[in-house]
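**Q** Taken in order, the sequence shown gives residues 31 to 282; the numbers are from the working numbering.
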Amino acid sequence: MGPSGHLRRKAVPSLSRHALLLRYQVAMNGYGVIFDMDGVLVDSYRAHYESWRLTARRFGVDMTEAQFAATFGRTSREIINALWPNRFDDQAVAVFDREKEAAYRDILRRRFPEMDGASDLIEALHREGFALAIGSSGPPENVALVKEHLRAGRLFQAVVSGADVRHGKPDPEVMLVAARLLNVPPARCAVIEDSLPGLESARRAGMKAVALTGTAAREQLAPCADLVVDSLRQLSPARIRQLLDGLSPARV
């Protein structure tokens with residue numbers, strides 16, 4: 031009761047004008063962008079290779095850089111079973127997997143190499159009302175570490191890791207789960223990827239595939255991509271919107 035005997039109205043939290051505007055933009059825009067993590071948000075190629083090489087040696091096998099490059103983008107368990115079939119039982123695979131990913135995180139914590147232009151692009155897309163997600167086959171601990179260290183990591187509305195799906199890339203499950211979490215139809219989503227399995231995942235999900243060179247060469251990526259760029263700084267909200275609206279050249 032207030033001093034005059036009248037019931038006080040309970041304060042109802044209200045959204046800021048900025049938050050309301052962003053909600054309106056997302057509703058009107060209806061576009062989503064799904065970012066791969068390794069090689070797109072963080073330049074983790076060397077950290078992953080070193081962690082694989084060191085862990086494999088402890089388990090009595092060798093991982094060459096050619097083997098690593100050919101399997102980059104798949105889950106650790108898929109890589110172990112593909113490269114050393116029948117060498118390890120399920121329990122040993124699980125231990126191998128945990129140790130490799132722990133080694134990777136230790137390397138990344140010591141030096142976090144954010145990809146040039148990643149946070150600037152995320153912030154620009156966010157301002158324009160794009161729904162944003164991370165779509166990775168990696169362990170949730172890896173994704174959480176990258177999201178925490180990335181300057182604009184707080185702006186992602188959805189995160190999909192290997193723990194959220196039964197099948198890693200090139201299966202489309204990662205992308206389809208991300209689109210569902212964003213509440214954006216797959217045909218209105220663009221995916222930024224640096225690997226062939228990731229690009230295939232995007233295409234099989236019915237999404238536009240944007241290839242970022244670096245992990246693989248342009249000529250390798252181009253047949254699987256709707257757009258190829260050499261830097262995230264070559265992308266903008268307007269260019270991605272044009273691609274989703276069918277107004278951008280098929281390949282650049």
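Glycine is no exception: its CB is placed at the ideal position from the N, C-alpha and C atoms.
Let me know the secondary structure DSSP gives Asp119 once reduced to three states.
**A** In this structure, Asp119 counts as coil in the three-state DSSP scheme.
**Q** Could you check where the beta strand (DSSP E) with Phe98 kicks off and where it finishes?
**A** First-last for Phe98: 95–101, but that is the alpha helix (DSSP H), not the beta strand (DSSP E).
**Q** Secondary structure at Gly168, three-state DSSP: helix, strand or coil?
**A** Gly168 falls in the coil class under three-state DSSP.
**Q** Using only alpha-carbon positions, find the residue among Pro143, Gly90, Asp73 that is nearest to Phe102.
**A** Measuring from the Cα of Phe102, the nearest candidate turns out to be Asp73.
**Q** Indicate whether the contact test is met: 3 or more Cβ pairs, each with one atom in the region 141–149 and one in the region 63–72, closer than 8 Å.
**A** The region 141–149 vs the region 63–72: in contact.
**Q** When the Cα of Ala235 is compared with those of Thr245, Arg248, Cys219, Ser167, which residue comes out closest?
**A** Comparing Cα-Cα distances from Ala235 to each of Thr245, Arg248, Cys219, Ser167, the minimum goes to Cys219.
**Q** Buried or exposed for Ser261, please, with buried defined as at least 16 other CB atoms from any protein chain shown within 10 angstroms of its CB.
**A** With fewer than 16 other Cβ atoms within 10 Å, it is exposed.
**Q** Could you please give me the residues that DSSP links to Lys238 through a beta bridge?
**A** For Lys238, which the question treats as bridged, DSSP gives the partners Ala220.
**Q** With a threshold of 16 other CB atoms inside 10 Å of the CB of Val63, please say whether the residue is buried or exposed.
**A** When all chains shown are included, Val63 counts as buried.
**Q** Would a check of beta-carbon distances place His179 closer than 9 Å to chain D?
**A** Absent from the structure: chain D. Only one protein chain is present.
**Q** DSSP has Phe65 in a bridge; who is on the other side?
**A** Its beta-bridge partners are Ile164, Ile222.
**Q** Just checking, does the region 76–86 make contact with the region 130–139 on the three C-beta pairs under 8 Å criterion?
**A** Yes, they touch.
**Q** Can you tell me whether Thr94 is buried or exposed? The criterion is at least 16 other CB atoms within 10 Å of its CB, across all chains shown.
**A** Label assigned to Thr94: exposed.
**Q** Assess contact between the region 223–234 and the region 197–205, defined as three or more Cβ pairs (one per stretch) separated by less than 8 Å. Is contact present?
**A** Yes: at least three Cβ pairs fall under 8 Å.
**Q** At a cut of 8 Å, does the region 156–166 reach the region 210–218 through at least three beta carbon pairs?
**A** Touching, per the Cβ criterion.
**Q** Reducing DSSP to helix, strand and coil, say where Glu158 ends up.
**A** If DSSP states are grouped into helix, strand and coil, Glu158 belongs with coil.
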